[in-house]
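S.K.: Chains as they are written, first to last, in the working numbering: chain Y, 1 to 433; chain E, 1001 to 1433; chain C, 2001 to 2433; chain A, 3001 to 3433.
Cβ coordinates follow ideal geometry from the N, Cα and C atoms, glycine included.
4 protein chains.
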Amino acid sequence: MSFVPSIKPETAPSGSRSQVLACFEETRALTDALAAPLSAEDQTIQSMPDASPAKWHRAHTSWFFETFILISKMGGHELFDKNYGYLFNSYYEAIGARHPRPERGLITRPSAEDVSKYRSHVNESVIALIENCSDDTWAEINPTLTLGIHHEQQHQELLLMDILHAFSCSPLEPAYAGTTPLPAHDAVSQAWISFPGGITQIGFKAATETEFAFDNESPQHEVILRPYRMANRQVTNREWLNFINDDGYRRAEFWLADGWSHVQNNGWNAPLYWQQDPSNQWSAFGLRGRQPLNLDAPVCHISYYEADAFAAWAGKRLPTEAEWEAAAENVPMDGNLLSSGALRPTPAASTEGLVQMVGDAWEYTQSPYVPYPGFKAATGAVGEYNGKFMSNQMVLRGGSCATPAGHIRKSYRNFFYPHQRWMFAGVRLAEDI
Amino acid sequence: MSFVPSIKPETAPSGSRSQVLACFEETRALTDALAAPLSAEDQTIQSMPDASPAKWHRAHTSWFFETFILISKMGGHELFDKNYGYLFNSYYEAIGARHPRPERGLITRPSAEDVSKYRSHVNESVIALIENCSDDTWAEINPTLTLGIHHEQQHQELLLMDILHAFSCSPLEPAYAGTTPLPAHDAVSQAWISFPGGITQIGFKAATETEFAFDNESPQHEVILRPYRMANRQVTNREWLNFINDDGYRRAEFWLADGWSHVQNNGWNAPLYWQQDPSNQWSAFGLRGRQPLNLDAPVCHISYYEADAFAAWAGKRLPTEAEWEAAAENVPMDGNLLSSGALRPTPAASTEGLVQMVGDAWEYTQSPYVPYPGFKAATGAVGEYNGKFMSNQMVLRGGSCATPAGHIRKSYRNFFYPHQRWMFAGVRLAEDI
Amino acid sequence: MSFVPSIKPETAPSGSRSQVLACFEETRALTDALAAPLSAEDQTIQSMPDASPAKWHRAHTSWFFETFILISKMGGHELFDKNYGYLFNSYYEAIGARHPRPERGLITRPSAEDVSKYRSHVNESVIALIENCSDDTWAEINPTLTLGIHHEQQHQELLLMDILHAFSCSPLEPAYAGTTPLPAHDAVSQAWISFPGGITQIGFKAATETEFAFDNESPQHEVILRPYRMANRQVTNREWLNFINDDGYRRAEFWLADGWSHVQNNGWNAPLYWQQDPSNQWSAFGLRGRQPLNLDAPVCHISYYEADAFAAWAGKRLPTEAEWEAAAENVPMDGNLLSSGALRPTPAASTEGLVQMVGDAWEYTQSPYVPYPGFKAATGAVGEYNGKFMSNQMVLRGGSCATPAGHIRKSYRNFFYPHQRWMFAGVRLAEDI
Amino acid sequence: MSFVPSIKPETAPSGSRSQVLACFEETRALTDALAAPLSAEDQTIQSMPDASPAKWHRAHTSWFFETFILISKMGGHELFDKNYGYLFNSYYEAIGARHPRPERGLITRPSAEDVSKYRSHVNESVIALIENCSDDTWAEINPTLTLGIHHEQQHQELLLMDILHAFSCSPLEPAYAGTTPLPAHDAVSQAWISFPGGITQIGFKAATETEFAFDNESPQHEVILRPYRMANRQVTNREWLNFINDDGYRRAEFWLADGWSHVQNNGWNAPLYWQQDPSNQWSAFGLRGRQPLNLDAPVCHISYYEADAFAAWAGKRLPTEAEWEAAAENVPMDGNLLSSGALRPTPAASTEGLVQMVGDAWEYTQSPYVPYPGFKAATGAVGEYNGKFMSNQMVLRGGSCATPAGHIRKSYRNFFYPHQRWMFAGVRLAEDI
């Protein structure tokens, strides 16, 4: 069965039991819906160390609720399976030993069906806990529950990234979401939007008491920005082809030294998943299978190195994360852009001002992923969530066509290594004024 | 369902259509029976480059019949799927491009179920061809059909080796064949059987016109042997423990230089699948799961390097393949030893003369795998079958508890790299007189 | 002969021909003095891809002057050897093909003696050019000449780092600078110096027209700092031992995820060059050979990962580069600290305020090496000098015992990968107020 | 200074003190003569793990005499340097720890000059011992001394192989032996010499009591040979070019599976050191620098895989080592062929019968290097000399232009891994009758 669910904006968890409950159920259901087109075999494999099997994502997100809520907060909770703690812990060193990441694809048992049972088991227990616990317990578990929901949303996007990569390794190139191409639109004309700079507030500030953000988005703090301009839209595939055709991948002058090494060692000559057929036509592999390159769509599946080199070639630069966040100030983030359920970047309709800030491809910034001034990691094992990764990675902003709508906000900091390409990442240019 | 079939001696293919047909059907059915305890997930993964997924074995053996018989000999045969040629070719360079071996575990589609359909499709076509073809065609296809049957028998053993390795990589250590241990027997006392040496014939000589052997077993030729002795039985786990306890894995003096590198680089300190628990008890993982070490059983899952080092420690040596074959002259090879369906080495009942020559573990010889004098590879793509591998490997003789009975004969030359351990390989000592 | 020259503050190049000339001669002579204790063999080897042979440093710094000044600016300059361009180019892609970095240690010819002749040849030509060129030419070459002098100073420190690493790979552990230990001093007591934060200027601002700085130190720009404290001195070996003895290298909780991988994959349990003898006494290998660990000296040869983990263990953090630079505002940088010619970190004499800001070990900051707002790389090949490396590296500030005095300034940004340890790098703690 | 000594037939060590003494002195002097064209830098580097620095060869051969004769047999011998045992042990596990082989190129000290002193020290002691020891001691040390001389002869050839490889890694491609090409000769016409086969003796049988052979050449034993033919001469460069031009390196059908992997993974398309210039002219790098390919000379610097593939392409096969030795029965091995001092393969003068059996390039056999029936390794540490390496390697027979004349005999078994190419190895074809 190959039915592709839209990724609908889920209810935001917000304090009250019934709201959190609804959001929990919706999120859990979405994960299963995303896995529905996958066979037991599809869910088992791991196509590279960076990726995880779909089955693992489904189990790990359940393990999170079991470990951080059921075991610690629900008296008498019976473990579904005592081995799962070892199998489905991801990074949390404080929680104990765990299965080596690169061997996740060797776990044939539990089966995909067993994992479904595990999910049900955890769902039932969590729902019972939400419905029946005391107000004190509720106050205690609410933040972790909310974190767990957002954690699962992250894995929803990872699941899509990972299965796309897995399918790209098969000579059959299966299509996750059917092979009907998205409707084509013309890209809007490129324009430059000016921003005045100055001192501005960056970072998450809750509008209401129950809004959620990860610890790495705090504390809110002031930064000084110089006047700058940002492109109204993301770079398109057509523009990227110009870069390729101008020998962009063969001219060291545009590249960071580390990027140039990567280009040469890996023979990069186009974004990940692109292919040129014998008659020189380009195609791109995506969740809808291999499709002719849509020249008007935002470029996707590029590394930081490529984004930076493209900017150098174009005589521009990437924005900083502070510039991006300041620019996003007045852009609506209500998730409507996702209503098409698009799983491949689409050009936004012609619009004034900034477009494609969310819902197409994550946007590279030139900012390394480091703690904000005054950053404090959360206490306990969940404190390992973000701070541990604050080296060697770059911040991306916005949100992609594979990002759950409820997971999008202006202060959100996504991060990847500068050579990684399997995420839905694109680029928007900036320049000094 | 975890039902383990006995590996019964199948009918030998021998010339007549009905006999070959029976043998074909029996062999094809056995492969499916061997895969029956495996879930779709189990059948998909590849736990190391040397191994292949169970699903792949099932498809590749079918591809062999489709490619070398149906496509070339059956007018109007419709390919089950045009992609399978690429996916399930193993080595045959002459047949065209093929999927890279180390990526066989990334093939989630076709599913295990699709492969079952493929097998049925091939079976039906082959059976129809056997039943209906002209006598001329029959004469033409009979040798390839017979080769295909023996080829599939080889993959039956590989399937068991590979799934054992795959399961050993899972923290859950699933038991392929249930967890009931085999009945224990005492090992027979070690004794030395003398052989006079002299000029002797080595290699396959068909007793009847329809007997089968691989090309690498021919031509029959004379060799000169010095007088020698061979141990009446294989080395036991008890004896191997003595080697371990005498620091066998830590004393360079016993080891070939290449072997010593392997020991150090890989931290070998016992046969593959052995484990010592905190109270120093040894166990071994096998098709019946993890079991306490049976001290009377033949040692298994050792490399050539280990076999050679053990022999040096014991003040003995390994036999040559000619010595082994000459010694096997009067040993019955009728497959009765396999009647227990044992999938783990068992000590043979006390017996005079050589025991355990077949049916427990393959036995290392000190002979590198090279062509016999006057060897000619078969013509055509199937000529790539054996000759291509005549470098860097060592010959093993006999047959293991995982070898189909019909696949056992005195002249059979099995071969592996000297560092490999995942096959059911043990050791029998020899010495000069 | 093992004579170790002091690294004296050289005349700063400053505009006038005679001043630049004096500085050029002094710098060129210092390089040769640093190489004087090294045999032809010592100068040839490359002990790891990150390092270069001493001979290569001596030739490459000459190649820089030949390529960027003599070839382009001196009519009729005869190349000393046409192969040297290929052999001794380091990174400059714009200049053409170059010998692969990891194979620099395979260049036995030209000999160390040939390289001495090359240096003389370049020296003579450059000196003649300085003395005789027209004022227009002088105006043109002065900046490149000054850059070349600073470039050579960088390689002076690299030469010392690299030979220390090379000698550490020899079982004989040769002492570069004799084996007389430095006089011991007690470390000053740790104290915390407060800084108010606020908006402050960061980056190079020339006090006079002829002062030099690299492009990566510009443009000067404003940053906002929160109030903070910095330790008055660097972390000592005694303090580092406390970290070790508290299982610092075995507790994941203190480490960045990438750092923890490094610790485990490389078996790190102490700074580079440290060793514990059978009676548990620690020693450190340095330019004066292996010496008992000086507990009062600043810790040296640690990676960013280790510095960050130590700070986490200590409940502190690393300063940002802006904090460091702001704190350094009133610290004298006149190079007097180097007057001892110390080639191993020494504790500074007891002093009020910040000590050891320069002259002992480079100090890690938590700032990734990225362009300053408005950064523009220099044009031409020398523009590849710094900007190319602005990814994946961390900024270090100050200057070490191996840094030429004239190379020290408050705005100087040194940078290394977070796993590297062979540079003279230590750590100073900071904290929020 | 680039003076190339002829490798003259040295006196064979043969029992009497004066004869062994003369041979010892001659051999020691030849090693130094071979190193004479090398600078201190040249002698220091190691261009790949398989190779060793020239300085190391010079020291290791001295260490052999010091360790196995002076230390054990000469009362009161003072070690030249106590560190040398660690530095210059090669494989002998029984003698204790040793410097890791791949790091031999990091040993800058002792210097080349120190090693010369070490050689003199050992020479003087050994000579004094020979001249002055008792007859009993003489009887004891004579075999080890003789072994040491032959051991040093092996390293003389290794020194030439290794320095050729080292120089090939330099962009300057220095010429070890000047750049004057050897006089050209036409190759003799190819012809096939028949041999009757039958039972024949193989292995070393001393004609006199004092003749020397390595343990691996014994015991002499009978083998059965089928009638066969061998080519009268080695394969020429011209013939090899035909193989290349017939796509020999691109057609899997000729290659062993392991060989084909090597071809593809390493991009082999010609013998080692061959290069094609833009006008398609081939040249080969050798001890006389880069020279245009001499089409009449024997092909050299090929791997076993290439030799085997060439034979398959030619419709022939490689001889076994027994066939080679039987064929060599009546070929003079007096070393006269080496009188030219040729360091590059030269075509032999036109001759009837087998030519080029020694003195040009080692000849591959299809025989893996395994013990002869009844082989016993020598006792003590020197017993590690040959037996340790009896796996994964192939036997080569004859002797090359770099083999000392005294080191050549019919029963000599040289051995290398099937992928190695840096030795002076060529190929002679054989076929069944």
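E:Q1019 by DSSP, collapsed to three states: which one?
M.R.: DSSP places E:Q1019 in helix when its eight states are reduced to three.
S.K.: How far does the beta strand (DSSP E) with A:N3414 in it extend, from its first residue to its last?
M.R.: 3414–3416 is the span of the beta strand (DSSP E), which, as asked, contains A:N3414.
S.K.: Leaving out five residues before and five after A:S3350 in sequence, what residues of the same chain have Cβ atoms less than 6 Å from its Cβ?
M.R.: Its pLDDT being 47, under 50, A:S3350 is placed unreliably by the model, and nothing is read from it.
S.K.: Which residues in chain A sit within 9 Å of C:S2052, going by Cβ to Cβ distance?
M.R.: Within 9 Å Cβ-Cβ: nothing; C:S2052 doesn't reach chain A, min ~14 Å.
S.K.: C:Q1992 and C:W2282 look like a contact to me (Cβ under 8 Å); what is the Cβ gap, rounded to whole Å?
M.R.: Because chain C in this structure spans residues 2001 to 2433, residue 1992 of chain C falls outside the shown range and cannot be described.
S.K.: What are the boundary residues of the beta strand (DSSP E) that includes C:W2282?
M.R.: Counting along the chain, the beta strand (DSSP E) containing C:W2282 begins and ends at 2282–2286.
S.K.: I'd like to know whether the C-beta of E:S1350 is nearer than 8 Å to at least one C-beta of chain A.
M.R.: Caution applies to E:S1350, whose pLDDT of 46 falls short of 50 and renders its modelled position unreliable; the model cannot decide the point.
S.K.: Excluding the 5 residues preceding and the 5 following A:G3387 in the sequence, name in chain order all residues of the same chain whose CB lies nearer than 6 Å to its CB.
M.R.: Around A:G3387: A3377.
S.K.: For the region 1070–1097 of chain E, which residues have a CB atom closer than 8 Å to at least one CB atom of chain Y, in sequence order?
M.R.: So the close ones are N1083, Y1086, L1087.
S.K.: When you compare each of E:L1241, E:T1031, E:R1017, E:I1202 to E:I1224 by their alpha carbons, which one comes out closest?
M.R.: Of the listed residues, the one whose Cα sits closest to E:I1224 is E:I1202.
S.K.: Looking at C:V2235 and C:V2331, is the spacing between their C-beta atoms short of 8 Å?
M.R.: Result no, Cβ atoms of C:V2331 and C:V2235 do not sit closer than 8 Å.
S.K.: Between A:D3296 and E:C1133, what straight-line distance do the alpha-carbon atoms span, to the nearest angstrom?
M.R.: Their Cα atoms are separated by approximately 57 Å.
S.K.: Are the CB atoms of C:A2381 and C:Y2092 within a distance shorter than 8 Å?
M.R.: Yes, they are a contact pair.
S.K.: Does A:T3180 pass the burial test, meaning 16 or more other C-beta atoms within 10 Å, or should it be called exposed?
M.R.: Its Cβ having fewer than 16 others within 10 Å, A:T3180 is exposed.
S.K.: Name the chain C residues whose beta carbon is nearer than 7 Å to that of A:L3172?
M.R.: Per Cβ cutoff of 7 Å: N2083, R2109.
S.K.: Given that Y:E103 touches chain E, what residues does it touch there, using C-beta distances under 8 Å?
M.R.: Result: C1169.
S.K.: Using a Cβ cut-off of 9 Å, pull out every chain C residue sitting near A:I3130, in sequence order please.
M.R.: Those within 9 Å of A:I3130 in chain C number zero; the least Cβ separation is about 31 Å.
S.K.: Could you name the residues of the region 2378–2412 of chain C whose beta carbon sits closer than 7 Å to any beta carbon of chain Y, in the order they occur along the chain?
M.R.: Within the region 2378–2412 of chain C, the qualifying residues are K2388, F2389, M2390, S2391, N2392.
S.K.: Hey, is C:L2106's beta-carbon within less than 8 Å of any beta-carbon in chain A?
M.R.: Chain A, which has a Cβ nearer than 8 Å to the Cβ of C:L2106, makes this yes.
S.K.: Closer than 8 Å, CB to CB, is Y:S47 near chain E or not?
M.R.: Output row for Y:S47: interface = yes.
S.K.: Assuming the contact rule is C-beta atoms closer than 8 Å, A:T3024 and A:V3126 should be a hit. Round their C-beta distance to whole Å, please.
M.R.: Reading the sequence as shown, one finds Phe at residue 3024 of chain A and not Thr. Going by Cβ atoms, the distance from A:F3024 to A:V3126 rounds to 7 Å, so yes, they are a contact pair.
S.K.: By DSSP's criteria, A:Q3276 is part of a beta bridge. Which residues make up the other side?
M.R.: A:W3282, per the DSSP bridge assignment.
S.K.: Quick check: is any heavy atom of the ligand MN less than 7 Å from the C-beta of E:G1259?
M.R.: With respect to the ligand MN, the structure offers nothing, as it holds no ligand at all.
S.K.: Locate the beta strand (DSSP E) running through C:D2432, then write down its first and last residues.
M.R.: Where C:D2432 is concerned, the enclosing beta strand (DSSP E) stretches over 2430–2432.
S.K.: For my contact list, Y:R109 and E:L1034 are in at a C-beta cut-off of 8 Å; report their separation, rounded to the angstrom.
M.R.: About 18 Å separates the two Cβ atoms, so there is no contact after all.
S.K.: In chain order, which continuous runs of the alpha helix (DSSP H) of length 4 or greater are located wholly inside the region 2183–2257 of chain C?
M.R.: Segments of the alpha helix (DSSP H) lying fully in the region 2183–2257 of chain C: 2237–2245.
S.K.: Should E:G1075 go down as buried or exposed, given a rule of 16 or more other Cβ atoms within 10 Å for buried?
M.R.: Its Cβ having fewer than 16 others within 10 Å, E:G1075 is exposed.
S.K.: Let me confirm a value: Y:P227 is counted as buried when at least 16 other C-beta atoms fall within 10 Å, else exposed. Which label applies?
M.R.: Exposed: under 16 other Cβ atoms inside 10 Å.
S.K.: Considering only residues of the same chain and omitting the five flanking positions on each side of E:L1256, which have a CB-CB separation below 7 Å?
M.R.: Contacts found: Y1305, D1308.
S.K.: Taking all protein chains shown into account, decide if E:P1100 is buried (16 or more other Cβ within 10 angstroms of its Cβ) or exposed.
M.R.: Classification of E:P1100: exposed, given that the 10 Å Cβ count is below 16.
S.K.: Let me know if C:N2266 comes out buried or exposed under the rule of 16 or more other beta-carbons within 10 Å of its beta-carbon.
M.R.: It is exposed - the Cβ of C:N2266 has fewer than 16 other Cβ atoms within 10 Å.
S.K.: Express the C-alpha separation of C:H2262 and C:H2419 in angstroms, rounding to a whole number.
M.R.: Answer to the nearest angstrom: the Cα atoms are 7 Å apart.
S.K.: For chain A, check one thing: does any of its Cβ atoms lie closer than 8 Å to the Cβ of E:D1042?
M.R.: It does not; no Cβ of chain A falls within 8 Å.
S.K.: Quick one: Cα of Y:K82 to Cα of Y:Y118, how far?
M.R.: So the alpha carbons of these two residues sit roughly 12 Å apart.
S.K.: Find the residues of chain C that neighbour Y:V370, judging by a C-beta separation of less than 8 Å, and give them in chain order.
M.R.: Per Cβ cutoff of 8 Å: Q2366, S2367, P2368.
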